[in-house]
Amino acid sequence: MSDVWWRDAVIYQVYPRSFADSDGDGMGDLRGITERLPQLKELGVDAVWLSPFYPSPQRDGGYDVADYRDVDPRFGDLDDLGKLITAAHELGIRFIVDLVPNHTSSEHQWFRAALNAGPGSPERARYIFRDEPPNSWQSVFGGPAWQQVPDGQWYLHLFDVSQPDLNWDNPEVRDEFADILRFWLDRGVDGFRVDVAHGLIKDPGLAEYTYRGAVLGGLDPLGPPPPMWDQEGVHEIYRQWRRIVEAYPGDRVLVAEAWVSPADRLARYVRSDEMNQAFNFEYMEARWLPAELRQVIDVSLAAGDGVGAPTTWVLSNHDVVRHATRLGYEGSRGRMPGIGVGDPQPDTGLGLRRARAATLQMLALPGSAYLYQGEELGLPEHTTLPDDARQDPAWERSGHTERGRDGCRVPLPWEADAPSYGFGPSDRSWLPQPAVWAEYALDRQQGVAGSTWELYRSALALRREHHLGLGDLTWLDETKDVLAFRNGQVLVLTNFGAEPVSLPLGARVLLSSEPLGDDGRVPGDVTLWAAL
Ligand code: TEU
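Under the working numbering, residues 198 to 729 are what the sequence shown spells out, in order.
Structure representation (structure tokens):
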């Protein structure tokens, strides 16, 4: 068990629309990713997780899948994907794909067949149709979760209206996904990130639930889980999937995207016969406060240990405001709404400083860590994206009250002086890039001491050298403003206060998120790694 690659892996999320565009149409593609893979090797990641690339009307950035066994022509074809997987493997990078089992696109042939076949048909039984809405559940993106079709019936969609929820009580649905898993395992993928893993099974009575906040996850740690999330029946599905995955050679991995709390409830998704990892969103949502972070770290480690699974860590992904921006607000949390013109703007200098400190803390914790494309450049959120450019369905569905997630999905800057900052060969970019992208471009950072890119590279190399991902954490004496722990022979100290702090005698500095003071002390909002 301890020798599986994913136990301490650093896994880099690629959002294909925004990573690299090979043909200049303004939309990222698979060839673009293949061309840029050497940079990910240089960065030092162990694996790539690729967000959905399947044929899709792209109403929710590809999380609305019309065909689970193909590639959207916008991104390339199955041959391009095969070449990408091979190229990754040749570089020693594992390859994880995104699986979206909670819902299909309304353009999936199953849903079209369901509409044509009419009420009471086996085709409708693959989805959740009712004659009347049985409750007033709200969609995660805003508005009602039930939509009427021309013959009068209603279907459930926990997300966009174009994302009908599948009926996982129907064996046909289970068989179909078992087959989809095998389709991709046969093509050499190293695992799956499972979208909305807490949502597949609904309370059998579709019981009323009016509290919209909880639609974002099991937010009430004291009450029972809401009727649409974290139902007991999901676990049987993952036990079946584990058996399927384990029948293949190599240590392939199942990763749960489950907005479930508290941590021991989440740990149930990674019991020894279910999935292997689950994203640690409580860590992502913790505020920049030493006591709060220490508490989340302790609880996370204990929950993982309780079921023998490695703990995971994450600070950013394609659904949340980038951490370099979140941390630029006093008292901000991980789950802040999208930011736009007219909103209070972050202190970007403070945000980046704290983001670098937060990242160094995260990368020294035992377990596996997830990075989101662009954070290695220190990219902030695009916080002044024009509203008329927004594409996240949350913006329209919420009646323009939630700006949504476009701000973290802006195409990456690779070259400061090229059109579209080197995203592609033309100046096209499906979301407009802000002018500050030039400062953050990779070619402005490569080989530049102190750049965020070089900080990440050094951190990943040292993490590997000192086996930090496989280590144990021991807290050291803390003061109000300092969080310090040992992992093996490495001291990891974060100063949250304004006053610089001294290092223990004899500690040899390995890396720090900002330069130390002339007196060798650690300034505020800095994390330091030192050999003891
Ligand atoms: O996200 C699941 C989820 O709960 C999010 O929708 C979250 O509530 C939302 O992003 C608000 O921050 C997954 C994917 O990561 C997301 O991109 C998809 O939109 C969603 O599922 C539907 O497939």
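C-beta: ideal position from N, C-alpha, C; glycine also.
Quickly, what does DSSP pair residue i with across the bridge? List them, please.
{"i": "residue 143", "result": "Because the chain in this structure spans residues 198 to 729, residue 143 falls outside the shown range and cannot be described."}
{"i": "residue 246", "result": "210 and 293"}
{"i": "residue 300", "result": "362"}
{"i": "residue 474", "result": "452"}
{"i": "residue 709", "result": "725"}
{"i": "residue 691", "result": "680 and 724"}
{"i": "residue 388", "result": "293 and 450"}
{"i": "residue 326", "result": "352"}
{"i": "residue 141", "result": "As shown, the chain starts at 198 and ends at 729. That puts residue 141 outside it, with no answer to give."}
{"i": "residue 341", "result": "335"}
{"i": "residue 719", "result": "698"}
Would you mind sorting residue i into buried or exposed? The rule is 16 or more other CB atoms within 10 Å of its CB.
{"i": "residue 395", "result": "buried"}
{"i": "residue 413", "result": "Confidence at residue 413 is low in this model, with a pLDDT of 46, below 50, so the placement of that residue should be treated as unreliable; the coordinate-derived value is given next. Per the 10 Å Cβ criterion, exposed."}
{"i": "residue 715", "result": "exposed"}
{"i": "residue 572", "result": "buried"}
{"i": "residue 677", "result": "exposed"}
{"i": "residue 213", "result": "buried"}
{"i": "residue 471", "result": "buried"}
{"i": "residue 313", "result": "exposed"}
{"i": "residue 540", "result": "exposed"}
{"i": "residue 436", "result": "exposed"}
{"i": "residue 590", "result": "buried"}
{"i": "residue 623", "result": "exposed"}
{"i": "residue 300", "result": "buried"}
{"i": "residue 645", "result": "exposed"}
{"i": "residue 305", "result": "buried"}
{"i": "residue 408", "result": "exposed"}
{"i": "residue 703", "result": "exposed"}
{"i": "residue 263", "result": "buried"}
{"i": "residue 389", "result": "buried"}
{"i": "residue 600", "result": "buried"}
{"i": "residue 603", "result": "buried"}
{"i": "residue 464", "result": "buried"}
{"i": "residue 298", "result": "buried"}
{"i": "residue 198", "result": "Annotation note: pLDDT 44 at residue 198 (below 50); position unreliable, coordinate value reported separately. It is exposed - the Cβ of residue 198 has fewer than 16 other Cβ atoms within 10 Å."}
{"i": "residue 551", "result": "buried"}
{"i": "residue 469", "result": "exposed"}
{"i": "residue 455", "result": "buried"}
{"i": "residue 266", "result": "exposed"}
{"i": "residue 217", "result": "buried"}
{"i": "residue 695", "result": "exposed"}
Determine whether the beta carbon atoms of residue i and residue j lie at a separation below 9 Å.
{"i": "residue 274", "j": "residue 302", "result": "no"}
{"i": "residue 201", "j": "residue 450", "result": "yes"}
{"i": "residue 233", "j": "residue 611", "result": "yes"}
{"i": "residue 353", "j": "residue 393", "result": "no"}
{"i": "residue 244", "j": "residue 203", "result": "yes"}
{"i": "residue 367", "j": "residue 322", "result": "yes"}
{"i": "residue 504", "j": "residue 453", "result": "no"}
{"i": "residue 225", "j": "residue 515", "result": "no"}
{"i": "residue 691", "j": "residue 566", "result": "no"}
{"i": "residue 687", "j": "residue 666", "result": "no"}
{"i": "residue 654", "j": "residue 239", "result": "yes"}
{"i": "residue 537", "j": "residue 584", "result": "yes"}
{"i": "residue 582", "j": "residue 215", "result": "no"}
{"i": "residue 499", "j": "residue 474", "result": "no"}
{"i": "residue 210", "j": "residue 570", "result": "yes"}
{"i": "residue 235", "j": "residue 252", "result": "no"}
{"i": "residue 496", "j": "residue 446", "result": "no"}
{"i": "residue 680", "j": "residue 491", "result": "yes"}
{"i": "residue 717", "j": "residue 699", "result": "yes"}
{"i": "residue 673", "j": "residue 726", "result": "no"}
{"i": "residue 638", "j": "residue 574", "result": "yes"}
{"i": "residue 511", "j": "residue 476", "result": "yes"}
{"i": "residue 272", "j": "residue 282", "result": "no"}
{"i": "residue 525", "j": "residue 546", "result": "yes"}
Is residue i near the ligand COA, with its Cβ less than 8 Å from a heavy atom?
{"i": "residue 297", "result": "This structure lacks the ligand COA; its bound ligands are the ligand TEU."}
For this session: Please list the segments of the alpha helix (DSSP H) lying wholly inside the segment 555-635, counting only runs of 4 or more residues, in order along the chain.
Result: 590-594
Problem set entry | Secondary structure, beta strand (DSSP E): runs of 3+ residues fully inside the segment 492-546 | 509-511
Problem set entry | Segments of 4+ residues assigned as alpha helix (DSSP H) that fall wholly inside the segment 641-667 | Complete alpha helix (DSSP H) runs here, min 4: 649-662.
Problem set entry | Contiguous beta strand (DSSP E) assignments of at least 3 residues, all confined to the segment 264-289 | With a minimum length of 3 residues, there is no unbroken run of beta strand (DSSP E) contained wholly in the segment 264-289.
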